[in-house]
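Novice: Numbering (the working numbering), first residue to last: 973 to 1098. All residues carry an ideal CB built from backbone N, CA and C; glycine is no exception. To start, I am sharing the structure in question, which I have written as structure tokens.
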């Protein structure tokens, strides 16, 4: 059986409610940096999302990262994350930066995770 999930809009132009997975506040103590721990934690989050989501819902992991945090941005890009326009999921820059306790602009990153063969998902990271 095939199913279809869409990002934020339905066939009749209305909005769809989609369960979205976000990774928040990933940090590694300075003495443990550059040892593969952050990559392992990100991979564990990806595995959790892939294994707990039911068939045919969005299998994409989102995160916010400080634009000035070049090490983190580089790690996420190396792991296949792409910067995403917040408007693609009905957000704006103010939404992305809301609730932040630190200075510096946050950017939205996302990564599509492997889908089950029976599921067709209609969305693009652009």
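With H, G and I counted as helix, E and B as strand and the rest as coil, what does DSSP make of residue 1001?
Specialist: Within the chain shown, numbered from 1, the residue matching residue 1001 stands at position 29. Residue 1001 falls in the coil class under three-state DSSP.
Novice: Should the segment 1010 to 1021 be regarded as contacting the segment 1075 to 1082, the criterion being three or more beta carbon pairs within less than 8 Å?
Specialist: Too few Cβ pairs lie closer than 8 Å, so no.
Novice: Nearest to residue 1056 by CA position, among 1044, 1047, 1040, 1084, is which residue?
Specialist: Working through the chain shown from its first residue, we reach residue 1056 at position 84. Out of 1044, 1047, 1040, 1084, 1084 has the C-alpha closest to the C-alpha of residue 1056.
Novice: Spatial neighbours of residue 995 within its chain, please: C-beta separation below 8 Å, excluding the five flanking residues on both sides.
Specialist: Residue 995 sits at position 23 when you count from the first residue of the chain shown. Excluding sequence neighbours, residue 995 sits near 1014, 1017, 1033, 1034, 1035.
Novice: Apply the 10 Å Cβ neighbour rule to residue 1062 and answer buried if 16 or more other Cβ atoms are within range, or exposed otherwise.
Specialist: In the chain shown, the residue the question calls residue 1062 occupies position 90. Looking at its Cβ environment, which holds fewer than 16 other Cβ atoms inside 10 Å, residue 1062 is exposed.
Novice: What's the C-alpha gap between residue 1024 and residue 1053?
Specialist: Locating residue 1024 in the chain shown gives position 52, counting from the first residue. Locating residue 1053 in the chain shown gives position 81, counting from the first residue. When rounded, the distance between both Cα atoms is 20 Å.
Novice: Indicate the three-state DSSP secondary structure (helix, strand or coil) for residue 1033 in the structure shown.
Specialist: Reading the chain shown from its first residue, position 61 is the one you call residue 1033. Residue state, collapsed to three classes: strand.
Novice: Once DSSP output is grouped into helix, strand and coil, what is the label at residue 1087?
Specialist: Mapped onto the chain shown, residue 1087 falls at position 115. It is coil, neither helix nor strand.
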